[in-house]
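J.:
In the UniProt record's numbering, the protein residues as written are 1 to 109.
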């Protein structure tokens with residue numbers, strides 16, 4: 001990622017994973033979680049790794065990032081690694097011995 005996308009090496013990796021079951025957070029707790037996550041990432045130059053789906057705790061991470069992006073206060077590198085079972089056309093990736101650059105941008109519209 002440093003070579004292909006010219007990203008600086010992170011000083012910290014934040015990995016957020018959890019179950020796929022959706023749950024609600026009390027508004028104050030959701031705000032504290034989001035602000036803390038964003039502050040940790042911004043002040044340390046961290047990359048955030050998630051499970052790449054919009055469910056469970058990862059949904060709350062996405063909400064925090066969406067809120068941060070709407071205020072245009074600096075970029076945070078976030079990498080979502082989706083489970084193999086939900087990758088579309090996964091058979092096209094099997095046994096090809098080919099490396100491809102794939103960039104998928106999520107729009108929080």
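Idealized CB from N, CA, C, for every residue including glycine.
No experiment lies behind these values; they were computed from the predicted model shown.
(1) My parser needs the beta strand (DSSP E) runs of 3 or more residues fully inside the region 71-95; what are they?
(2) Taking the Cβ atom as the reference point for each residue, do residue 20 and residue 43 lie within a distance shorter than 8 Å?
(3) Which whole-angstrom value is the C-beta distance of residue 80 and residue 52, which I expect to be below 8 Å?
(4) Let me know the secondary structure DSSP gives residue 2 once reduced to three states.
(5) What does a CB cutoff of less than 8 Å around residue 9 pick up in its chain, not counting 5 residues either side in sequence?
T.: In short:
(1) 77-80
(2) no
(3) 3 Å
(4) coil
(5) 2
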